[in-house]
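Participant:
There are 2 protein chains.
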Amino acid sequence: MNLKQATEIGKCLSNQTRFQILEWLKEPEKNFPPHETLKHFNDGVCVTYIQEKAGLSQSTISTYLTNMEKCGLLISTRHGKWSYLKRNEETIKQFTDFLI
Amino acid sequence: MNLKQATEIGKCLSNQTRFQILEWLKEPEKNFPPHETLKHFNDGVCVTYIQEKAGLSQSTISTYLTNMEKCGLLISTRHGKWSYLKRNEETIKQFTDFLI
DNA sequence: TTAATATATCGCAATTTATAGATATGTTTG
DNA sequence: CAAACATATCTATAAATTGCGATATATTAA
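Chains as they are written, first to last, in the numbering used here: chain A, 1378 to 1477; chain D, 1378 to 1477.
#1: Which residues in chain A sit within 9 angstroms of E1400(D), going by Cβ to Cβ distance?
#2: Within the 9 angstroms Cβ cut-off, does G1449(D) reach chain A?
#3: Closer than 8 angstroms is the cut-off here; do at least three beta carbon pairs connect the region 1390-1405 of chain A with the region 1388-1406 of chain D?
#4: Is the Cβ of N1465(A) closer than 9 angstroms to any Cβ of chain D?
#5: Only counting the same chain, and skipping five residues up and downstream in sequence, which positions put a Cβ closer than 7 angstroms to that of M1445(D)?
#6: V1422(D) and F1409(D): beta carbons closer than 9 angstroms?
#7: Between which two residues does the beta strand (DSSP E) carrying K1381(D) extend?
#8: Assign E1385(A) to buried or exposed, taking buried as 16 or more other Cβ atoms, counted over all protein chains shown, within 10 Å of its Cβ.
#9: Is the shortest distance between the beta-carbon of K1407(A) and the beta-carbons of chain D less than 9 angstroms?
#10: Mind pulling the chain A residues with CB within less than 8 angstroms of I1469(D)?
#11: Any beta carbon of chain A sitting closer than 9 angstroms to that of L1462(D)?
Have a look at this one:
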């Protein structure tokens, strides 16, 4: 982790909705309904569920999630027409180590 | 630590200069010249030294430091006409615990 | 192949942030 | 008290971010 990447992560954490999404994704089973096709949360939560829970527009949430993936906070996995998002614990740990 | 406070901290960490200051303050002896009046860094580093090292205007740095103190990242101590800034390790720890 | 569904990207207006210069406040020193 | 110094605050402008609707792309279903 270097200063530039850490600052990119900081930018994602500077918005309450984005930060909240990261918190929700700590416990997908608790915060989101189960997926109909996948019977588990192994790859995280689909965009639509996150969008509905956040209450912002589809385009806004999609952009947020893309940014959060780019800076390393999230891992995105495609299954058919769905994208599933989960926390990238490794990068998050590197970020907190850098900060402390 | 709650979502609102964490996001305020995120805002401070969304700017490279502010993040850099926090990193510099990990090792004041290494990153700053010694103070003439105080022979130690117990209360941190004065505003002028931080401003000179950052290379931005006095007003900008003063605003940054004020914000960083307000959100809990820094602790400010006055000694006469100088303000000394140091990291608030307790809040930083609370922030990283909240994130992980 | 067409329609429906899920997600991504584009373009835009509104809001927020970045940063500086000017000025104000507070402290020390002559 | 006046001058000098350190820091804080105010005001203004440029730049970046927010968040949306429209549209594009990709995948599945009919």
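The beta carbon of each residue, even a glycine, is placed where N, CA and C say it ideally should be.
Facilitator: Inspection of the coordinates gives the following:
#1: To locate residue 1400(D), count along the second sequence from 1; it is residue 23. By Cβ distance, chain A contributes L1380, A1383, F1475, L1476.
#2: Position 72 of the second sequence, counted from the start, is the residue given in the question as residue 1449(D). Proximity of G1449(D) to chain A, defined by a Cβ-Cβ separation below 9 angstroms, is not satisfied.
#3: Segments in contact, yes.
#4: The residue given as residue 1465(A) occupies position 88 in the first sequence. At a cut-off of 9 angstroms, the C-beta of N1465(A) has no neighbouring C-beta in chain D.
#5: Counted from its first residue, the second sequence places residue 1445(D) at position 68. Cβ neighbours of M1445(D) within its own chain (closer than 7 angstroms, five residues either side excluded): C1389, R1395, L1451.
#6: Within the second sequence, numbered from 1, the residue matching residue 1422(D) stands at position 45. Within the second sequence, numbered from 1, the residue matching residue 1409(D) stands at position 32. Contact flag set, yes.
#7: Here residue 1381(D) refers to the residue found at position 4 of the second sequence. Segment 1380-1389 is the alpha helix (DSSP H) holding K1381(D); no beta strand (DSSP E) there.
#8: Start at 1 with the first residue of the first sequence, and residue 1385(A) comes out as number 8. Looking at its Cβ environment, which holds 16 or more other Cβ atoms inside 10 Å, E1385(A) is buried.
#9: Residue 1407(A) sits at position 30 when you count from the first residue of the first sequence. False, the Cβ-Cβ gap to chain D never drops below 9 angstroms.
#10: Residue numbering aside, residue 1469(D) sits at position 92 when the second sequence is read from its first letter. Near I1469(D) (Cβ distances below 8 angstroms), the residues of chain A are L1476, I1477.
#11: Walking along the second sequence from the start, residue 1462(D) turns up at place 85. No, no contact with chain A.
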